[in-house]
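I have placed the structure first, in the form of structure tokens, so that the comments after it can refer back to it.
In the working numbering, the protein residues as written are 8 to 155.
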């Protein structure tokens, strides 16, 4: 959950980086937290590269972008929000993965396929992750999970 200070930081970064994220600005009044974090990081990478004597010749830029210490601090403060967003997204995607397919009548993905997609070692680990993020994997009584 985003607190008031984090919401202010997000609004400021959304405005400051609107030029870097035009396609996001067209869709929503505020860019996603993770997209903004990437934009701040990219600006800082450019600053570091251009300031290095060998890199500035290679990339063809002479003048380093301005230092934006307050943007880096804001991005660090918003990491917690980004993590929470990703946690919620993971739970929603896991639920979608186990929702019964209208075409086959079986869950969209098996736990084996979920494990492979997440890069974890076993079906049991995927089931444990599902339980932690979504709840019991056998939710057939409410018609969500196709687990037998």
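Yeah, the Cβ is synthetic: ideal placement off N, Cα and C, and Gly gets one too.
None of these values were measured; they are calculated from a predicted model.
Kindly indicate which residue of the options has the alpha-carbon position closest to the one of residue i.
i           : options             : result
residue 39  : 54, 48, 126 and 21  : 21
residue 17  : 55, 75 and 82       : 82
residue 54  : 44, 73 and 118      : 73
residue 14  : 121, 75, 133 and 85 : 85
residue 43  : 120, 25, 119 and 12 : 25
residue 138 : 123, 128 and 118    : 118
residue 4   : 109, 142 and 77     : For the chain, the structure presents residues 8 to 155; residue 4 sits outside this window and is missing.
Verify the contact flag: residue i, CB atom, against every heavy atom of the ligand GDP, threshold strictly below 7 Å.
i           : result
residue 103 : With respect to the ligand GDP, the structure shown offers nothing to examine, as it has no ligands at all.
Excluding the 5 residues preceding and the 5 following residue i in the sequence, name in chain order all residues of the same chain whose CB lies nearer than 8 Å to its CB.
i           : result
residue 125 : 133 and 136
residue 92  : 39, 40 and 41
residue 129 : 122
residue 19  : 81
residue 127 : 133 and 136
Residues in the same chain with beta-carbon distance under 7 Å from residue i, minus the five sequence neighbours each way, listed in chain order, please.
i           : result
residue 140 : 97, 98 and 101
residue 79  : 47 and 51
residue 36  : Low per-residue confidence applies at residue 36: pLDDT is 47, beneath 50, and the placement is therefore not dependable, though the value from the model is reported in the following sentence. Contacts found: none.
Which residues in the same chain have their Cβ closer than 6 Å to the Cβ of residue i, if we skip the five residues on either side of it in sequence?
i           : result
residue 41  : 89
residue 116 : 104
residue 27  : 46
residue 9   : 88
Write down the C-beta distance between residue i and residue j rounded to the nearest angstrom, noting that I regard them as a contact closer than 8 Å.
i          : j          : result
residue 50 : residue 75 : 6 Å
Are there 16 or more other CB atoms within 10 angstroms of the CB of residue i, so buried, or fewer, so exposed?
i           : result
residue 122 : buried
Using a Cβ cut-off of 8 Å (strictly closer), state whether residue i contacts chain C.
i          : result
residue 76 : The structure shown contains no chain C; it is built from a single protein chain.
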